[in-house]
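Each remark here refers to the structure printed beneath this line.
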Amino acid sequence: MMTTKNGSWKIRYILLLIALPVLALLFSLCVGRYVVSVPDVFRSILSRFNENIEVSKLAYITIWNVRLPRILLAFVVGSALSCAGLLFQSIFRNPLATPDTLGVAGGSSFGAVLSILLGFSLIPLQLVSFGFGCLAVFLTILAAKGKNQSMSTIILSGIIMGSLFSALVSLVKFTADQEQQLPSITYWLMGSLQSATYSSLLIGLIPIAVSIIILFLLRWRLNLLMLSEEESCSSGVNMPRLRMVAILCATVATASSISMCGQVGWVGLIVPHMCRMVFGNDHRHLIPACVSFGGTFLIIVDTLARSISAAELPISILTAIIGAPFFIFLMRRKGGWNL
Amino acid sequence: MKLEIKNASFAYKNGRTLYENVNFSVESGEMISILGPNGAGKTTLLRATMGLLNWKSGGSLLDGDNIADMPASKLWSKIAYVPQAHNRGGSYTVLQSVLLGMTNQIGLFSTPKEKDIRFAEETLDRLHILHLKDRLCNEISGGELQMTMIARSLVSHAGILILDEPESNLDFKNQMIVLDTLTKLSSEGIGVLFNTHYPEHALRRSTKAILIDNGKVQFGATPSIITEKNIESAFGVKAYIGQFETEHNMIANVIPVGLTKDEEKTEANEEDSDVLATLSIICSKFEESERINAILHEFNDILFGRMGMPHRKRNLYLISVNLDGSKERIKMLAHQLSVLPDVSCKVTYAKEEES
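Chains A and B are the protein sequences, given in the same order. Count the first sequence with our numbering and you get residues 72 to 410, in order. Count the second sequence with our numbering and you get residues 938 to 1292, in order.
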C-alpha cells in the first residue's frame, strides 16, 4: 500500500502526524473546569520567556503547573502504550495481544500497591512499580523457556504470571488499611494522570523515549515479525534476537507508563488497529503513527476525564466507554479481524 | 555453487530414526525433485538440508563448508527457501513482501532505498507479475502468491532455491506457470530443489530426483529413480510410466492403476539388452546448441554417428544422432534433453531382432 507512495503523500502523512497532537494539546490547554481562551494560552506560554507579556496569575499557573505536565504525561503514556500494543500484536501475530500480554501490568500494579502499602512517596513508587513490571516479564520469559518454546507457550506463561501478580495485588489490598490505603490503591489501579509532575514525567520519559527510538530505528525489520517463522528465518535475520529486542522495548515502555499513572486500558489495543486500518501493516509508517495517534487519543480522553464532571473520572472507565463501541464499529466495517 | 548432503542421518526428538545415509547434491543450473509418500519426511528433508533442523550425523556442505558453522546471514545470502504458501504474509503488498526478502542487505537501522525498490520491481517484472505490485498478498490468487514468494527468494541473490511443494493447491495453468518459471531459473544457472506430489512433474522437469522410500533416500538421474518398480515400492501403488507423444516431444506420463497387494511382489526387471535407436533433436534457440553438445558428449559411449545442422534463417539447430546401447541409457539421454526449455526431441527404436 505504502511503498510506492509519492512525495506529496509523505508530506501529508508527516503533517497529519504533527498536527493531530498539536491541536489536541491546544484544545486540552483551553478546556477544563477553568476555561482559558486561546489568546490567553499563547500569552501564558510566551510570558515564561518574555516578561513584557502580561497574563493573569491564575491562567499562568493553570497552564504551566497543572495542565501542561498532565498533557505531556498523557501524550507520552498514550504513545508508549500504543507502540507496545502494536509490537505485541506483531510479535504474536495476534490481533488480541495488548501491552500486558506478558503480565507486565500485573507486575507493575503489584509494585505500585506494595509501595502504597509501605507508604512510599511518588518517585520511589514509580521506580518500584517499573522494576516489578520488568520482573514479571522476565519471569514470564524464563517460565516459557525450554525445549518446546513457541509463541503460544510465551502467551500462556504471560497469562499465568499476570494472574499470579493480580492475586498478589489482591493480597496487598486485603491487608491494607481500609481508611486510607485501600481507597488510594483502588484509585491508583483505575489509572489517573492527576499526579503528573515534571520530575516524575522525566523519570518515566527516558526509558519510554529510548524504547521508542530503538523501535523506530528497527522499523523496517519489524515487518519480518509478521511473517511465519519459516519465511522470516530465510531472510537471514536473527529472528529470536529481533523478537527479544522488540519484547524488551515494548515491556520497558509499558512498565514505565503504568508506573507513572496506573493501568490505562484499551489504548494499546484500539490505537494500533486504528493505525493499521489507516496506514496498512508497514511498521515504517505504523510506529510514528502510533506515537502520534496514541498520544492524541489519550490527551483527548484525559481532557474529557477531568472536564466532564466536577469530580475527576478514572481514565480507564472513559477509555473503555469510548473504546468498546469504537472497536465494534471498526470490526464491523472491516468485516472480521486479521492482521 | 554446490550444496552437498554427505552421509547424513536424521532422527526425531523421540529417538526414532527417519532416514540414514542420505547423500545428494544440488549444483547451479540443476533442477532436483524430491518425491515420497505423505509422512515420509519430504519437508523434514528440506528443512534439515537447510539447517533449520539438525542432522543427527553427517551434514550439509555449501561449497565445502558445513552450513551448521556458517553465520545465518551468509548462509541465507546463498540459499533461499520458499515454504508452502499457506501464510498470507500479514497483508503486505506484493512489493513490500518482496522487499522483505532483501532485509539482510538493508542496514540494521535502515529502510529500503530507491535502488532496492527498483531491483524488487525488476524481479517482479522478470516473473511477469509487476502489475501486482500494489495488490495485497491476501487478495491475490494462490498462483500469484506463489510467484510473489519466488520473487521474494530471488531478491536475496541466492544461488540455490529450495521450495516446498511449490505447485500444490494450484490449478493446471498456475502449476505450469510456476514450473516453467523454475525451469527457466535453472536454465539461467540457479540450482533448484523442490518437493512435489506429482511423479510426472519430477519426470518432466527435474534433471535428477530424490525418492524417499521407507526411510531409504535414493538419489540419481530422474529416469533411473522414478521407475514403475520404485513407485510401487515407495507409494504402494501399481503405476505405469508411459510415453505420450506431442508435436515436440515424447512426454513421460505416470498412470496409477491400483493399490499394490502385499502378495504381488514385483518381479525382477528383465535383462536389458542393447538396442538401436535414432534420436532427433530440434533446438529452437541457436545458443542452446552448446548445452546439447555437452550432454551428448556425456553419452559418447552409446553414440555412433551424428549430424548437426544449423538453420540460421529461423535461428534453429537440427541434430540427429544414432545410438546403440541399453534402453535405460538411451532413455536417460532423451530425458536430459527433454527437460531443457527450448528443445524438442524424440527417440525412434529399431525393431528388435528375433533370436
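Built from N, CA and C at the ideal position, the CB exists for glycine as well.
Is A151 (chain A) closer than 9 Å to G365 (chain A) when the C-beta atoms are compared? yes
Identify every run of the beta strand (DSSP E) within the segment 1108–1193 of chain B, keeping only runs that are complete inside it and at least 3 residues long; order them along the chain. 1128–1132, 1145–1150, 1153–1158 and 1174–1182
Return no unless some Cβ of chain A is closer than 9 Å to the Cβ of I1077 (chain B). no
How big is the Cα-Cα spacing for K1011 (chain B) and I285 (chain A)? 25 Å
Cβ pair G177 (chain A), F245 (chain A) closer than 9 Å: no
Answer with buried or exposed for V106 (chain A), where buried requires no fewer than 16 other C-beta atoms within 10 angstroms of its C-beta. Flag for V106 (chain A) reads exposed.
Can you tell me whether DSSP reads P1247 (chain B) as helix, strand or coil? strand
Determine which residues of the segment 316–337 of chain A have a Cβ less than 9 Å from any Cβ of chain B, and write them out in chain order. none
Please name the residues in the segment 1038–1068 of chain B whose beta-carbon is closer than 8 Å to at least one beta-carbon of chain A, in chain order. G1038, T1040, N1041, I1043, L1045, F1046, S1047, T1048, P1049 and I1054
Stretch pair the segment 1081–1089 of chain B + the segment 1051–1069 of chain B: three plus CB contacts closer than 8 Å: yes
Tell me the start and end of each unbroken beta strand (DSSP E) in the segment 327–357 of chain A that is at least 3 residues and wholly inside, in chain order. none
Between which residues of its own chain and K1268 (chain B) is the CB-CB distance below 6 Å, once the five residues before and five after are set aside? P1160
With a threshold of 9 Å between beta carbons, is Y1135 (chain B) in contact with chain A? no
Among A:P195, A:V281 and A:R114, which residue has its Cα nearest to the Cα of N123 (chain A)? A:R114
Taking L990 (chain B) and I1099 (chain B) to be in contact with their CB atoms under 8 Å, please state how far apart those CB atoms are, rounded to whole angstroms. Actually they do not touch by this definition, with Cβ atoms about 13 Å apart.
With C-beta atoms as the reference, is I358 (chain A) less than 9 Å away from V372 (chain A)? no
First through last residue of the alpha helix (DSSP H) which encompasses H1230 (chain B): The question names His, but residue 1230 (chain B) in the sequence shown is Asn. S1226 to E1235 is the span of the alpha helix (DSSP H), which, as asked, contains N1230 (chain B).
Compare the Cα-Cα distances from V1284 (chain B) to each of B:H1272, B:F1223 and B:K943 and report the closest residue. B:H1272
Going along the chain, which residues of its own chain have a beta-carbon closer than 7 Å to the beta-carbon of T133 (chain A), five neighbours each way excluded? Y105 and V107
Beta-carbon of W291 (chain A) versus every beta-carbon of chain B: anything under 9 Å? With its beta carbon less than 9 Å from one in chain B, W291 (chain A) belongs to the interface.
Using a Cβ cut-off of 9 Å (strictly closer), state whether L295 (chain A) contacts chain B. Judged by the 9 Å Cβ criterion, L295 (chain A) is in contact with chain B.
Within 10 angstroms of its Cβ, does Q1155 (chain B) collect 16 or more other Cβ (buried), or is it exposed? buried
M1007 (chain B) lies in the beta strand (DSSP E); which residues open and close that run? No beta strand (DSSP E) holds M1007 (chain B); DSSP gives it neither H nor E.
Does Y1254 (chain B) get closer than 9 Å to chain A when you measure Cβ to Cβ? Residue-level contact check: Y1254 (chain B) does not touch chain A, since none of the beta carbons of chain A fall below 9 Å from its beta carbon.
Is there at least one Cβ from chain B nearer than 9 Å to N309 (chain A)'s Cβ? yes
Short CB-CB distance (under 9 Å) between R355 (chain A) and chain B: yes
Does DSSP put N951 (chain B) in a helix, a strand or coil? coil
When the distance is taken between beta carbons, is I1168 (chain B) closer than 9 Å to I1127 (chain B)? no
Start and end residues, beta strand (DSSP E) containing Y1286 (chain B): V1280 to Y1286
Chain B contact for S299 (chain A) (CB, 9 Å cutoff): yes
With a threshold of 8 Å, establish whether the CB of L188 (chain A) neighbours any heavy atom of the ligand FMN. Ligands displayed in this structure: none; no statement on the ligand FMN is therefore possible.
Is it true that the CB of N1041 (chain B) sits closer than 9 Å to the CB of V316 (chain A)? no
Assign T954 (chain B) to buried or exposed, taking buried as 16 or more other Cβ atoms, counted over all protein chains shown, within 10 Å of its Cβ. exposed
Using the rule of at least 16 other Cβ atoms within 10 Å of the residue's Cβ for burial, across every protein chain shown, is I956 (chain B) buried or exposed? Per the sequence shown, the amino acid found at residue 956 (chain B) is Tyr instead of Ile. With 16 or more Cβ atoms within 10 Å of its Cβ, Y956 (chain B) is classed as buried.
Can you pull the chain A residues whose beta carbon is under 9 Å from the beta carbon of A948 (chain B), in chain order? Under the 9 Å cutoff, chain A gives no residues; its nearest Cβ is about 15 Å from A948 (chain B).
Limits of the alpha helix (DSSP H) - the one that G177 (chain A) falls within: In this chain, the alpha helix (DSSP H) harbouring G177 (chain A) covers V175 to L188.
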